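Working notes, beginning with the structure itself.
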Amino acid sequence: MEFNLGGQLINLDERVDGTSVQPGAGTVREAFRFTEKERNFDIAGDYELGLGKGRLKLIGLYRFEHSPAIDSFIVDRDVGGRSGERFRQAADESESILRSEYSWRTAGGTDWQVALEGAYNKLDVDAEFAQLQPDGNFLPIVFGGEQTKVEEKRGEASLTWGRALASNLTAQLNLGAEYSELASSGPGGLTRRFVRPKGKLALAWKVGPKTTINWHIQRRVDQLDFFDFASSVDVANNNGNIGNGQLVPPIVNRTELELVQDMGRWGNASVAAAYAYAQDLVDQIPLSPTTEGRGNLPPAHLYRISSKATLLLDPLGWKGARINSDVTWRRNRVRDPLTSLWRDQSEGQEYVVDVNLRHDIPGSNLAWGAGYFDERYSPNVRLNAIEHEYTGGAFVTAFIEHKNVAGFTVKASYRNLANEREGFDRTVFVDRRDGPVAFSESRQRRFGRYIQLTVTGTI
């Protein structure tokens, strides 16, 4: 039997001040404030026992999160006076899951598993949008998303079969179905019920003593972000989303081919290519002639090429040293709901490069190393703007670690050695994105180098 209990207290406080000189307004001072005080905890456990010819495993999970947040944006102009807006939101999220798995093996070497799962997920959102008044107080303005409640009751059943088809070929087949009842009380809220089949067929072919080819084809049902059902306001960029009660879960029909190579004392490496035909992906869509929000897209095409490798440096005489790499390239091509042209999915990952060096010094509890991380995401494409958040340069770190300080592992990291910057570019259009440009902006922010100290272990 295993039991886990975890919790977090997270206090976020962000402040951005800016001063500029603008035609017709003189000196303009902008002040953005964001605060969030998140409290969350989770309880999970599982219990396994022998039953008949197999084993029964029972799994339970409960997670709760309370996260009140406030955004405010105030502008002072020499000509035009003061204006400001505030968006306040308090969200309570909970997730409850009960799952049972019964597994057994036949005399002929076939593995079977039957699994049943039930879940209840809930989101409660209370929100307020307010405008700054001449007396310095904020006056609430009706925006249609003051209260949103989303509930999901989900049940799932699956059957898994697996066995060796030959001495060097194994197969696994999973067939399942998911039933869900989704209810929302926010904008356009309603109750709907879905039955969605899903499954996966996987083959592993050991071509040679050190070479394996893995292939699978899968139909996957993804989960929705319940916050997409709720309306929100971005006070800093003067836009927002209307909640959409018509959202349906995305379905991804995916296949992947992977080559895995064992390089013996040099380590191992793998390369994989994947393609998916995705239905009902969630992105920005028009909800009326003047509003937008999160909604489902027409079928899309997703591509991925990735490689993972571990290079052991012992054969070169550097005992205890290794290099780990994880490189991925993606393209998520979706049909734009405004122009009907193909484009990249909003804020979809384009690539990630993660390379790390680690040296565990032989005969000691000391280790040191360095890391290189770089990633890029596609722009966020709204109906009246294109927003692109990105990093300038790579995130480089160095660390030293001691694996036994009073029974704990203590690690000190010196981070952002290459002075990575945060960038943001935005183009705003007069009306819709297929019309003339109103204005554009570009900024980069440095956040400098810093030291991080982590202590891990068990009590």
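If you're matching positions, the sequence shown starts at 16 in our numbering and goes up one per residue. Think of the CB as a built atom: it goes at the ideal place given N, C-alpha and C, for glycine as much as any other residue. For clarity, every value in this text was computed on a predicted model and none was experimentally measured.
Go ahead and pull the three-state DSSP assignment for residue i.
i, result
"Trp383", "strand"
"Gly133", "strand"
"Asp126", "strand"
"Leu331", "helix"
"Gly310", "strand"
"Asp150", "coil"
"Phe241", "helix"
"Gly378", "coil"
"Gly279", "helix"
"Gly22", "strand"
"Gly170", "strand"
"Lys448", "This sequence places Arg at residue 448; Lys is not what is there. Coil, per DSSP."
"Thr325", "strand"
"Thr473", "coil"
"Gly260", "coil"
"Phe158", "coil"
"Val236", "strand"
Let me know if residue i comes out buried or exposed under the rule of 16 or more other beta-carbons within 10 Å of its beta-carbon.
i, result
"Thr163", "buried"
"Gly378", "exposed"
"Arg309", "buried"
"Glu17", "exposed"
"Ile376", "exposed"
"Asn19", "exposed"
"Arg345", "buried"
"Glu466", "One point to set straight first is that residue 466 is Ile, not Glu, in the sequence displayed. Exposed, by the Cβ-count rule."
"Leu24", "exposed"
"Leu197", "buried"
"Ile232", "exposed"
"Gly260", "buried"
"Asp243", "buried"
"Val404", "What sits at residue 404 in the sequence shown is Glu, not Val. Glu404 is exposed by the Cβ-count criterion."
"Ser393", "buried"
Along the chain, where does the beta strand (DSSP E) that runs through residue i open and close?
i, result
"Ser340", "336-350"
"Val370", "364-375"
"Gln360", "Looking at the DSSP string, Gln360 is not in any beta strand (DSSP E), and its letter there is neither H nor E."
"Gln294", "282-294"
"Phe414", "410-420"
"Ile496", "Any question about residue 496 goes unanswered here, given that the chain covers just 16 to 474."
"Val452", "452-461"
"Leu489", "Coverage of the chain is limited to positions 16 through 474, which leaves residue 489 absent and any answer about it impossible."
"Thr206", "206-223"
"Ser303", "Counting along the chain, Ser303 falls outside any beta strand (DSSP E), and DSSP gives it neither H nor E."
"Gly95", "Premise fails: Gly95 is in no beta strand (DSSP E) and is neither H nor E."
"Arg430", "423-430"
"Ala400", "400-407"
"Ser246", "Looking at the DSSP string, Ser246 is not in any beta strand (DSSP E), and its letter there is neither H nor E."
Let me check one thing: in DSSP terms, what residues is residue i bridge-paired to?
i, result
"Gly41", "Gln37"
"Thr121", "According to DSSP, Thr121 bridges with nothing at all."
"Gly60", "Phe18, Gly75"
Is residue i near the ligand FMN, with its Cβ less than 7 Å from a heavy atom?
i, result
"Leu24", "This structure simply doesn't include the ligand FMN, nor any ligand for that matter."
Between residue i and chain E, is there a C-beta pair that is closer than 8 Å?
i, result
"His316", "Looking for chain E here will not work: only one protein chain is present."
- prompt: Do the segment 134-141 and the segment 167-181 touch if we need at least three Cβ pairs shorter than 8 Å?
  reply: Yes, the segment 134-141 touches the segment 167-181.
- prompt: Is there contact between the segment 214-229 and the segment 180-187, where contact requires at least three CB pairs shorter than 8 Å?
  reply: Because the criterion of three Cβ pairs below 8 Å is met, the segment 214-229 and the segment 180-187 touch.
- request: Could you say if the segment 440-449 and the segment 399-419 meet the contact criterion of at least three C-beta pairs nearer than 8 Å?
  value: Contact between the segment 440-449 and the segment 399-419 is present, because at least three Cβ pairs lie under 8 Å.
contact_flag[the segment 143-150, the segment 109-116] where n(CB pairs < 8 Å) is 3 or more: Between the segment 143-150 and the segment 109-116, the count of Cβ pairs shorter than 8 Å is below three; the stretches do not touch.
query: Okay, do the segment 92-101 and the segment 51-62 touch, 3+ Cβ pairs below 8 Å being the bar?
result: The segment 92-101 vs the segment 51-62: no contact.
query: How about the segment 277-286 and the segment 241-252: do they share at least three Cβ pairs that are nearer than 8 Å?
result: Verdict: no, contact absent.
- request: May I ask you to verify whether the segment 348-368 touches the segment 309-318, counting CB pairs closer than 8 Å and requiring at least 3?
  value: With the rule of 3 Cβ pairs closer than 8 Å, the segment 348-368 counts as touching the segment 309-318.
- request: Decide if the segment 409-425 is in contact with the segment 379-392; the criterion is three or more beta carbon pairs, one per stretch, under 8 Å apart.
  value: Between the segment 409-425 and the segment 379-392, the count of C-beta pairs closer than 8 Å reaches three or more; the two stretches touch.
field: Three CB pairs or more closer than 8 Å across the segment 26-39 and the segment 61-75
entry: At 8 Å Cβ cutoff, the stretches do not touch.
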